[in-house]
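Q: Quick one: the structure is below, and I'll ask about it shortly.
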Amino acid sequence: MEQTFYDAVGGQEFFIKLVDGFYEGIETDEVLRPMYVDQDLTESKRHLMLFLQQYWGGPNTYQEERGHPRLRMRHFPFAVNDDARDRWLKHMQASLSKMELDEALRDQLWTYLVSAAHSLVNTQ
Ligand code: HEM
Numbered sequence: 001m002e003q004t005f006y007d008a009v010g011g012q013e014f015f016i017k018l019v020d021g022f023y024e025g026i027e028t029d030e031v032l033r034p035m036y037v038d039q040d041l042t043e044s045k046r047h048l049m050l051f052l053q054q055y056w057g058g059p060n061t062y063q064e065e066r067g068h069p070r071l072r073m074r075h076f077p078f079a080v081n082d083d084a085r086d087r088w089l090k091h092m093q094a095s096l097s098k099m100e101l102d103e104a105l106r107d108q109l110w111t112y113l114v115s116a117a118h119s120l121v122n123t124q
């Protein structure tokens, strides 16, 4: 069987670290932080980690706990404009830059994140 992206990056540990690093940026972001109502961000973190690991071929826990991702719909309650998108991507890039990763895998992940973030803009 072909190796999944999830296996190639080392499994869940990779996604936990990526999301933890990303949320360090969110914590101090004056535009994005207020969008996250959960005080300690634990659940928000967990949902993003579960979603990403599932997307990249890991366990389907996200689907089991949250149902179909429907990301666009789930982001409608938040005003995602170009500024919010760029901030989101900036924190993701900062976190990704700290991860040890093969360049081809890094590019693959980054291309996906950029495209997903662009697809979630819902207001200007
Ligand atoms: C473009 C900028 C984005 C903004 C401003 C944004 C903001 C948010 C906010 C405020 C939440 C709610 C968190 C909570 O429940 O406390 C959320 C949830 C979530 N976001 Fe984003 N997001 C963005 C992009 C993305 C992208 C690109 C992805 C996927 C690659 C993503 C995946 C998710 C997931 C999986 C959840 C949890 C959904 C659930 O199960 O409830 N987001 N996002």
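Under the UniProt record's numbering, the final residue of the sequence shown carries the number 124; numbering is consecutive throughout. No residue lacks a Cβ here, since even glycine has one placed at the ideal position from N, Cα and C.
Measure the alpha-carbon distance for Glu24 versus Leu96 and round it to whole angstroms.
A: The residue labelled residue 24 in the question sits at position 24 within the sequence shown. The residue labelled residue 96 in the question sits at position 96 within the sequence shown. One C-alpha to the other measures close to 12 angstroms.
Q: I'd like the list of long-range same chain contacts for Phe22, defined as Cβ closer than 7 angstroms, with 5 residues on each side in sequence excluded.
A: For this step, residue 22 is matched to residue 22 along the sequence shown. The answer, listed in chain order, is His91, Met92, Ser95.
Q: When the Cα of Phe53 is compared with those of Gln12, Gln108, Leu120, Gln39, which residue comes out closest?
A: The count along the sequence shown starts at 1 and reaches residue 53 at position 53. What sits at residue 53 in the sequence shown is Gln, not Phe. The option with the nearest alpha carbon to Gln53 is Gln12.
Q: With a threshold of 8 angstroms, are at least 3 pairs of Cβ atoms found where one atom belongs to the stretch 116–123 and the other to the stretch 58–78?
A: A contact exists between the stretch 116–123 and the stretch 58–78.
Q: Using the beta-carbon count (16 or more within 10 Å), is Arg70 buried or exposed?
A: For the purposes of this step, residue 70 is identified with residue 70 of the sequence shown, where counting begins at 1. Its Cβ having fewer than 16 others within 10 Å, Arg70 is exposed.
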